[in-house]
Amino acid sequence: MEKTYAPHSIEQRWYQTWEEKGYFAAKPEGESYCIMIPPPNVTGSLHMGHAFQDTIMDALTRYHRMKGFSTLWQPGTDHAGIATQMVVERLCNAEDKTRHDYGREKFIEKIWEWKEESGGTITRQLRRMGSSLDWNKERFTMDDGMSDAVQEVFIRLYEEGLIYRGKRLVNWDPVLHTAVSDLEVLSEEENGSMWHLRYPLSNGQGHLIVATTRPETMLGDAAVAIHPNDERYKHLLGEFVELPLTGRRIPIIADEYVDPEFGTGCVKITPAHDFNDYEVWTRHRHTSAIQNLPHGGLINILTVDASICAEELVPVQYQGLDRFEARKKIVADLDAAGLLEKIADHKLMVPRGDRTNSVIEPLLTDQWYVKVAPLAEPAIAAVENGDIKFVPDNWKNTYFEWMRNIQDWCISRQIWWGHRIPAWYDELGNIYVGNSEQAVRAKHKLSADYPLKQDEDVLDTWFSSALWPFSTLGWPENTEELAKHYPTSVLVTGFDIIFFWVARMIMMGLKFQGKVPFKEVYIHGLVRDAEGQKMSKSKGNVLDPIDIIDGIELEALVAKRISGMMQPHLAKKIEQDTRKHFPDGIQSYGTDALRFTFASLASTGRDIRFDLARTEGYRNFCNKLWNAARFVLMNTEEQDNGLSDAPCQYSQVDRWVTSRLHQVTAVTSNAIDNYRFDLAAQAIYEFTWNEYCDWYLELAKISLQSNDAALQRGTRKTLLTVLESILRLAHPIMPFITEEIWQRVAPLAGIEADTIMLQPYPVADEAHIDSNAIAETNWVMNFILGVRRIRGEMNIAPSKPLPIFLQNGSLADQQSLNNNLVYLQKLGRLHSITWLTPNESTPESAIALVGEMKILIPMAGLIDKEAELARLEKEIQKINNDLPRVEGKLNNPAFVDKAPPEVIDKEKAKLADLRSMLNNLEEQQRKIQAL
118 MEKTYAPHSI EQRWYQTWEE KGYFAAKPEG ESYCIMIPPP NVTGSLHMGH AFQDTIMDAL
178 TRYHRMKGFS TLWQPGTDHA GIATQMVVER LCNAEDKTRH DYGREKFIEK IWEWKEESGG
238 TITRQLRRMG SSLDWNKERF TMDDGMSDAV QEVFIRLYEE GLIYRGKRLV NWDPVLHTAV
298 SDLEVLSEEE NGSMWHLRYP LSNGQGHLIV ATTRPETMLG DAAVAIHPND ERYKHLLGEF
358 VELPLTGRRI PIIADEYVDP EFGTGCVKIT PAHDFNDYEV WTRHRHTSAI QNLPHGGLIN
418 ILTVDASICA EELVPVQYQG LDRFEARKKI VADLDAAGLL EKIADHKLMV PRGDRTNSVI
478 EPLLTDQWYV KVAPLAEPAI AAVENGDIKF VPDNWKNTYF EWMRNIQDWC ISRQIWWGHR
538 IPAWYDELGN IYVGNSEQAV RAKHKLSADY PLKQDEDVLD TWFSSALWPF STLGWPENTE
598 ELAKHYPTSV LVTGFDIIFF WVARMIMMGL KFQGKVPFKE VYIHGLVRDA EGQKMSKSKG
658 NVLDPIDIID GIELEALVAK RISGMMQPHL AKKIEQDTRK HFPDGIQSYG TDALRFTFAS
718 LASTGRDIRF DLARTEGYRN FCNKLWNAAR FVLMNTEEQD NGLSDAPCQY SQVDRWVTSR
778 LHQVTAVTSN AIDNYRFDLA AQAIYEFTWN EYCDWYLELA KISLQSNDAA LQRGTRKTLL
838 TVLESILRLA HPIMPFITEE IWQRVAPLAG IEADTIMLQP YPVADEAHID SNAIAETNWV
898 MNFILGVRRI RGEMNIAPSK PLPIFLQNGS LADQQSLNNN LVYLQKLGRL HSITWLTPNE
958 STPESAIALV GEMKILIPMA GLIDKEAELA RLEKEIQKIN NDLPRVEGKL NNPAFVDKAP
1018 PEVIDKEKAK LADLRSMLNN LEEQQRKIQA L
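So this note's numbering is basically just the index in the sequence shown, starting at one, shifted up by 117.
In structure tokens:
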């Protein structure tokens, strides 16, 4: 093996080997274990959230593959309707063209060309993460088979009356000219204004004051609402107000939606431009006061690009103005008419499109909808009765809350890229739904020249994603894969798409397969930065997993973080922060260290604070494992490793490390089975570093240096079998380094196979757990640690042989001492060991305890008294200088009141550590002065 661990020289080589040899494919025999990858956008590149959940999914996949399951991790990408269209439209704009210059057909051809050339970024990056996806089965949500599934579902739901076309409010992006889902709307607090407007009562007896953050929408008002129990206004019910600037009268109505404590207690109702107002309108639309209004009160005042429309009810002077220009003019006209009460500063949540940053408008449009309630009932029952289990369990409450208050799902989008809605219209407005125009004409006996026009809209991307667990397996065909792998085993996903994706997959799976799409849903938290902040471009704290794997120089990192920002004014601050936190850029850590970091942070349900210091620690862990393997190979290559018929003798520490291996195997398997990857990583790390490397390798040297050939054989065999088992234990989390080392270790351990990937996962066996060996070896370790602690405290050189006295020991202690004398003498560097009677007086000594037994090390003659006192005085003085600064900080109200709680906790911990260190040093000082 190479002297130093260099991840880049092994990672890509091994991945290529695995893929070429077909190791990722599901084998035909064995129980199915199947995970569907949440399909990343074809436009996307790997971010930390992807890398985290891909680590979890790959660890589960590799673990179950090693346990003998027929394991399918299904790959694929999402066509990402809006995102992909925007990418290609920008390319067109660079040529001074728009998509309309190309026309629909040619533009879609251009998108397919882009997809073939540039759409594979994320799949290449998934390979870099070591993801063992079955690439031969890769799907794309717009491929032919997936399109067949989408059409089949649409037609069947339409024929059952579960898909309909209707006019309702949607989130409208005025730049993209399409409806968008709630997930594509980002609401953030912004500084704005609240305009207080006077609406005169029609009988001339005064006015009502309404407050609004969008005064331009008053042109579409249908009513003013008050709370039914508001004594200030109850007498006005049934009356009308004059709607300023429009010449229209609108009724005063009562509705419990109104909060009488907020503002004036009077609310303008604009049902065509506000979701809450629309709900109020639905409760009152049967009343004559509303029915007598133009359009029954649903008055749309905006065009698709959010300008004021040329509706006859809208005063001509505002028609054609952009909404924000109209706002200024309307406020000025109200002020001139004496109808503006006041303008107040107001913080409000502003909804913006995640792709365009434009302010989203609720807009009344014709759209296609899925009638969800009949699909939701069985989907709720599936979780209630345990057919689907959420991990952690509390996420089922979020699911129930949404499912029990579910609204019909708007599935149409006004863009070109996507699954075009399979509906045709004739000139009379009749709708025909079918697989193709030819199928529609045949079914409805329409002649070839009868005019039909296909719907221009495409389906929401989430519609095809909802079919992902069965469409990827070949449905609507009854394929072998569908029969074998559906329902799938577990879905691994973030909490933010429980509604948009998880719930819809459950509804569609039950509807079209009669079974749930997955048995468990593992919900993971968000990956945040080391301070707990959400990673975002505007904060400049985004980390690219590939940069952590490969490393990146400072200038390249700065350029990456400040390019393409929606808020360029933040660039300077982000540059300063990046230079401060990464003065040398990011070094290369390799994939295994990154994956181990993610696993170590994956406690169920909580958000993850990602700190590169941990990745550095796990890179050191990789080095430790590498160096341990080199030591084992140096002592076992071309040696008798107990594979022959010659006898093997196993020392107590051989039996101890084997016992601990089986205990750790049980802990690790149980942790992975329960999605506690943090506990699995911790168990592997602590056993490998603290027990195998730090203790067993040192203790094993004593057996290897003995003259007993059988003992040497037993130890060499144990060195290899335990290391080989560690590699298999860690492989699901750290696939590359474990494969590289295993290839060298396995043959020496008597294993002939091509890859660690297809080896069985270790199984714990209680018969191999020797509790006496564990107890005895723990005694040895505590003894040696006690001696080492005294050496450290007293500044005694590690190489100096020590005389020690033992007192207050039991018969068991004496037996342990006799059994392990060679380990204690060699690792403890002991000159002599003397038992004292309980009452025997002792010289001034440093003391360590092993249970009730005292280890005493006389200090006289071991240390230079004057030099040690001088050293201690210097350290005590340093702490005495630091203490007042920390105490002063914590006693300063200006600091305590303003600092975040975690900063205060850090200072308190620092103070406690300083005081503890001071006590220890002063105690040592007293002891040495007494010599």
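Positions of the beta carbon are idealized from the N, C-alpha and C atoms, including for glycine.
Keep in mind it's a predicted model, so treat the numbers as computed, not measured.
Would you say residue i and residue j are within 7 Å of each other, going by their C-beta atoms?
i	j	result
Ile-460	Trp-312	yes
Ser-319	Arg-366	yes
Leu-627	Pro-479	no
Arg-537	Val-487	no
Ala-719	Phe-617	no
Gln-484	Val-644	no
Pro-960	Pro-975	yes
Ala-881	His-779	yes
Arg-466	Ser-304	Just to set this straight, residue 466 is Met in the shown sequence, not Arg. Against a cut-off of 7 Å, the Cβ pair of Ser-304 and Met-466 comes out as a contact.
Phe-748	Leu-828	no
Pro-157	Thr-215	no
Pro-388	Trp-398	yes
Val-939	Ile-819	yes
Going by DSSP, what residue range makes up the beta strand (DSSP E) through residue i?
i	result
Arg-78	Nothing about residue 78 can be read from this structure; the chain reaches only from 118 to 1048.
Val-204	Taken as a continuous stretch (DSSP letters only), Val-204 belongs to no beta strand (DSSP E), being part of the alpha helix (DSSP H) at 198-211.
Met-466	457-470
Lys-385	384-386
Glu-333	It is not in any beta strand (DSSP E) - Glu-333 carries neither H nor E in the DSSP assignment.
Thr-188	187-191
In or out: residue i buried (at least 16 other Cβ within 10 Å) or exposed?
i	result
Arg-444	buried
Ser-717	buried
Glu-230	exposed
Leu-545	exposed
Arg-241	exposed
Arg-440	buried
Ala-817	buried
Gly-337	buried
Lys-917	exposed
Glu-983	exposed
Lys-385	buried
Ala-449	exposed
His-181	buried
Ser-680	exposed
Gln-650	exposed
Using the three-state DSSP reduction, which class does residue i fall into: helix, strand or coil?
i	result
Tyr-603	coil
Cys-765	coil
Gly-611	strand
Ala-556	helix
Asp-290	strand
Cys-527	strand
Tyr-940	helix
Tyr-516	helix
Asp-701	coil
Return the first residue and the last residue of the alpha helix (DSSP H) that residue i is part of.
i	result
Ser-149	Per DSSP, Ser-149 belongs to no alpha helix (DSSP H); it is in the beta strand (DSSP E), 149-153.
Asp-795	794-803
His-125	124-137
Asp-450	440-453
Leu-718	708-718
Next on the checklist: If contact is defined by three or more beta carbon pairs under 8 Å, each pair taking one atom from either stretch, is the stretch 195-206 in contact with the stretch 877-887?
Outcome noted: No, they do not touch.
Checklist entry - Does the pairing of the stretch 342-349 with the stretch 379-388 give three or more beta-carbon distances under 8 Å? => result The answer is yes - the stretch 379-388 touches the stretch 342-349, with three or more Cβ pairs under 8 Å.
Next on the checklist: For the pair the stretch 519-539 and the stretch 315-325, tell me if three or more CB-CB distances fall below 8 Å.
Outcome noted: Flag = no, the stretch 519-539 and the stretch 315-325 do not touch.
Checklist entry - Counting Cβ pairs, one atom from each stretch, are 3 or more of them under 8 Å apart for the stretch 776-788 and the stretch 799-817? => result In short, these stretches touch, since the Cβ pair count reaches three.
Checklist entry - Are at least three pairs of beta-carbons, each pair with one atom in the stretch 262-270 and one in the stretch 579-594, less than 8 Å apart? => result The stretch 262-270 and the stretch 579-594 touch, with no fewer than 3 CB-CB distances between them shorter than 8 Å.
Next on the checklist: Can you confirm whether the stretch 771-778 touches the stretch 831-851 when touching is taken to mean that 3 or more C-beta pairs between the two stretches lie within less than 8 Å?
Outcome noted: The count of Cβ pairs closer than 8 Å, one atom from the stretch 831-851 and one from the stretch 771-778, reaches three, so the stretches are in contact.
Checklist entry - Below 8 Å, can you find three or more Cβ-Cβ pairs linking the stretch 735-745 to the stretch 808-828? => result The stretch 735-745 is in contact with the stretch 808-828.
Checklist entry - Any chance the stretch 893-911 sits against the stretch 933-948, with 3 or more Cβ pairs inside 8 Å? => result Yes, the stretch 893-911 touches the stretch 933-948.
Checklist entry - Within the chosen definition, does the stretch 250-264 reach the stretch 722-729 through at least 3 CB pairs nearer than 8 Å? => result Short answer: they don't touch.
Next on the checklist: Would the stretch 219-238 count as touching the stretch 126-136 if we require 3 or more Cβ pairs under 8 Å?
Outcome noted: Because the criterion of three Cβ pairs below 8 Å is not met, the stretch 219-238 and the stretch 126-136 do not touch.
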